[in-house]
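Below is one structure, written out as structure tokens; comments come after it.
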Amino acid sequence: MEEDLIIKLVQDIRIELPKTGSLKLMHMLKDDFKAHHIFIGRDSFFDLLRNNNLLIKTRKRFAITTNSNHPYKKWPNLIQTLSVTAKEQLWVSDITYLRTDAGFGYLSLITDAYSKKIVGYHLSQQLKAKGCLIALNKAITSLQSTQCSSLIHHSDRGIQYCCEPYIAVLQANKINISMTQSSSPYDNAIAERVNGILKNELQLDKIFNSYSQAVTAVSLAINAYNELRPHMSCGNLTPKQAHLTNKPLLKQWKNKNYCKAKSLLL
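Counting from 101, one number per residue, gives the positions in the sequence shown under my numbering.
In structure tokens form, the structure reads like this:
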């Protein structure tokens, strides 16, 4: 009976968050487990999901949406040694693609690096600066602080972010400009991670019937990401909760290299 109840609780969460991982499920269900006097460890929980075909199989994919072969200024990287300690200190921006029957759609995203909240986004039918500008203006509207002089906007060196209209908006709002120095996705890792979550967990990797259907799916996915999905880098708060709290955010995961080194010492 307990196993049946656990499976039902997992399936209820998966209705809105279809590809939520097992660790996050355990965190989200801890109050339900307590209310029903269910005591289950991590390994037993994983085994139960595996036996019922409820584990998520991840896929690694990279898409190139960056054209850095242009005459515009490429700005230096300001965040290589930056320690992010508060919201509205660092924004990371990126573009990812979605598939529709009519062709590609291009999703411009701006994420607060501290809270991991998506603060601006726009789905465009063309890979141009206009979509990025709409996302940027939405992000600027969301600012809670009236002082932007300490805020850094970090992106790749694509033409959309280097062109004069985009730079002009950043400078008019006194937002500092930072860019990656290579084409590696790891130079903008937070933005790439957000792209992966939206596609691999929140089903934006589908082929949509139309642009309007994709727009609706993006809105639902970002709402679920910001308001429903706990983030291990934010003390298992949702990005929206993390953006509102004044308490320090403690990550709930350990670096894989650290764990491997520790195991060799034991």
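Backbone N, C-alpha and C define an ideal beta-carbon position, used for all residues, glycine too.
Subject >> Residues near Tyr221 by beta carbon distance below 8 Å, same chain, minus five either side >> reply: Result list for Tyr221: Leu207, Ser208, Leu209, Ile210, Ala235, Lys238, Val318 and Ile322, in chain order.
Original post:
With 16 as the cutoff for other CB atoms within 10 Å, does Leu105 come out buried or exposed?
Top reply: Answer is exposed; the Cβ neighbour count stays below 16.
Subject >> Three or more C-beta pairs below 8 Å linking the segment 240-260 and the segment 324-335 >> reply: no
Original post:
Looking only at its own chain, which residues have a Cβ that is under 7 Å from the Cβ of Asp212, when we skip the five neighbours before and after it?
Top reply: Lys187, Glu188, Trp191, Val219 and His343
**OP:** Could you pull out every residue in the same chain whose Cβ sits closer than 7 Å to the Cβ of Asn177, ignoring the five residues on either side in sequence?
**Re:** Same-chain partners within the cutoff: Ser278, Met279, Thr280 and Gln281.
Subject >> Close beta carbons around Asn326, own chain, < 7 Å, minus the five adjacent residues each side >> reply: The residues Lys217, Ile218, Thr338, Pro339 and Lys340, in chain order, have a CB closer than 7 Å to that of Asn326 in the same chain once the five nearest residues on each side in sequence are set aside.
Original post:
Can you find at least 3 beta carbon pairs, one from the segment 294-312 and one from the segment 260-270, that sit closer than 8 Å?
Top reply: no
**OP:** Kindly indicate the opening and closing residues of the alpha helix (DSSP H) around Asn300.
**Re:** Run containing Asn300: Ala289 to Asn300, per the alpha helix (DSSP H) assignment.
Original post:
Smallest Cα separation from Leu304: which of Leu182, Leu223, Lys173 and Val110?
Top reply: Leu223
**OP:** Starting from Tyr197, follow its DSSP beta bridges and name the residues at the other end.
**Re:** Tyr206
Subject >> One or two residues paired with Thr211 in a DSSP bridge >> reply: Val192 and Ile218
Subject >> Phe139 - DSSP class collapsed to helix/strand/coil >> reply: coil
Original post:
Can you list, in chain order, the residues of its chain whose CB lies under 7 Å from that of Lys173, leaving out five sequence neighbours each side?
Top reply: Cys262
Subject >> Asn309 versus Leu154 - alpha carbon distance >> reply: 27 Å
Subject >> Arg161 in three-state terms, based on DSSP >> reply: A caution first: Arg161 carries a pLDDT of 47, below 50, which makes its placement in the model too unreliable to give a value.
Original post:
Does the beta-carbon of Glu102 have 16 or more other beta-carbons within 10 angstroms, so that it is buried, or is it exposed?
Top reply: Its Cβ having fewer than 16 others within 10 Å, Glu102 is exposed.
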